[in-house]
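As structure tokens, the structure follows; a few thoughts come after it.
Numbering (the working numbering), first residue to last: 203 to 515.
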């Protein structure tokens, strides 16, 4: 492939055909690298559109050979991005061309020209590209896994806490308010809107029976939650469960609700099947510097499986 034949188109919203082509290409990249190149948030933004998002599409003639998603919605930390190159188009410098284009686009939407970029899987090629353009690593996100059949400790709810499952429509606003409080320090999660929630309701994996809530037994006020998720089998593994997100109201912390909700969700996943196949493993994502959470998950049998790195300059 000759870089002179490559053009990069920047759009607010990709066409339906381009969305399908990018998602297919992302699957090929995941197969080659052992790590998905796009997060769930980026895939949803690509499919449904997102405020302050830009899509950068690299084409050789009419064929898509690279892609980048730029999210400019965070006014505190600045724009963030993900990018990948088609496996067959690698080794020609296209990654650097895409990253240069991201830097230029970020400068248009952020006065300070800030840019943070995720590299999924901590791949050597990404490390070299980051170093070449003066990006430095500042955040690691661990994917941890454990056997779905592993023993789960017994946790008994406190007498003043009631457990139940989520009711779509009825619990939306209360859950969004709790999520915002639980993740006030984490805008990727804490800034979810009703649209963000409803889009996940429409995903094929959504199952309210795996979305657990802890509430005050007297007032009904939500205190915490554990939302689980399942993934179909792939060529690399059997079907997987996921500790999708666990959150506790800061005012209710210290009561063991996080451990209780995690255990409830893990027991649920141990009983789940995808089709007729039991789940092979359970995965979760946690920031490497969240020592308290890493300690809890390690005690539950989780071990580091892959590492995602965020770079900035």
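We put the CB at the ideal spot given by N, CA and C, even for glycine.
Integer Cβ distance of residue i from residue j, believed to fall under 8 Å
{"i": "residue 484", "j": "residue 445", "result": "6 Å"}
{"i": "residue 442", "j": "residue 428", "result": "About 16 Å separates the two Cβ atoms, so there is no contact after all."}
CB of residue i within 9 Å of CB of residue j, strictly
{"i": "residue 363", "j": "residue 425", "result": "yes"}
{"i": "residue 278", "j": "residue 389", "result": "yes"}
{"i": "residue 280", "j": "residue 256", "result": "no"}
{"i": "residue 366", "j": "residue 502", "result": "no"}
{"i": "residue 344", "j": "residue 232", "result": "no"}
{"i": "residue 510", "j": "residue 342", "result": "yes"}
{"i": "residue 155", "j": "residue 416", "result": "For residue 155 there is no data in the structure shown, the boundaries of the chain being 203 and 515."}
{"i": "residue 303", "j": "residue 248", "result": "no"}
Same chain only: Cβ atoms within 7 Å of residue i, ignoring 5 sequence neighbours per side
{"i": "residue 385", "result": "391, 392 and 449"}
{"i": "residue 499", "result": "346, 486 and 488"}
{"i": "residue 447", "result": "391 and 429"}
{"i": "residue 454", "result": "425 and 426"}
{"i": "residue 461", "result": "357 and 498"}
{"i": "residue 408", "result": "402"}
Nearest-angstrom Cα separation, counted from residue j out to residue i
{"i": "residue 282", "j": "residue 361", "result": "44 Å"}
{"i": "residue 488", "j": "residue 469", "result": "20 Å"}
{"i": "residue 584", "j": "residue 355", "result": "Summary: the structure shown does not reach residue 584, with the chain confined to residues 203 through 515, and so no result is reported for it."}
{"i": "residue 368", "j": "residue 414", "result": "6 Å"}
{"i": "residue 211", "j": "residue 238", "result": "23 Å"}
{"i": "residue 513", "j": "residue 209", "result": "25 Å"}
{"i": "residue 269", "j": "residue 254", "result": "17 Å"}
{"i": "residue 396", "j": "residue 358", "result": "32 Å"}
{"i": "residue 464", "j": "residue 410", "result": "16 Å"}
{"i": "residue 213", "j": "residue 323", "result": "27 Å"}
{"i": "residue 246", "j": "residue 230", "result": "18 Å"}
{"i": "residue 293", "j": "residue 223", "result": "21 Å"}
{"i": "residue 420", "j": "residue 437", "result": "48 Å"}
{"i": "residue 430", "j": "residue 452", "result": "21 Å"}
{"i": "residue 466", "j": "residue 507", "result": "23 Å"}
{"i": "residue 497", "j": "residue 221", "result": "39 Å"}
{"i": "residue 475", "j": "residue 401", "result": "23 Å"}
{"i": "residue 403", "j": "residue 492", "result": "29 Å"}
{"i": "residue 250", "j": "residue 371", "result": "21 Å"}
{"i": "residue 317", "j": "residue 332", "result": "12 Å"}
{"i": "residue 519", "j": "residue 334", "result": "Outside the displayed span of the chain (203 to 515) sits residue 519, for which this structure offers no information."}
{"i": "residue 242", "j": "residue 263", "result": "29 Å"}
{"i": "residue 265", "j": "residue 215", "result": "18 Å"}
{"i": "residue 353", "j": "residue 412", "result": "19 Å"}
{"i": "residue 217", "j": "residue 418", "result": "46 Å"}
{"i": "residue 225", "j": "residue 456", "result": "42 Å"}
6 Å CB neighbourhood of residue i in its chain, flanking five on each side removed
{"i": "residue 284", "result": "240, 244, 271 and 320"}
{"i": "residue 328", "result": "321"}
{"i": "residue 291", "result": "203 and 267"}
{"i": "residue 276", "result": "389"}
{"i": "residue 234", "result": "289"}
{"i": "residue 312", "result": "280 and 281"}
Neighbourhood of residue i by C-beta, 8 Å cutoff - its chain only, sequence neighbours within 5 removed
{"i": "residue 315", "result": "305, 308 and 309"}
{"i": "residue 219", "result": "none"}
{"i": "residue 394", "result": "378, 381 and 382"}
{"i": "residue 296", "result": "203, 205, 208, 260, 267, 268 and 287"}
{"i": "residue 351", "result": "472 and 480"}
{"i": "residue 399", "result": "374, 377 and 378"}
{"i": "residue 505", "result": "346, 347 and 348"}
{"i": "residue 236", "result": "323, 438 and 508"}
With a cut-off of 8 Å, do at least 3 Cβ pairs link the segment 404 to 424 to the segment 365 to 379? yes
Determine, using beta-carbon pairs with one atom in the segment 330 to 340 and one in the segment 466 to 480, whether at least three such pairs fall under 8 Å. no
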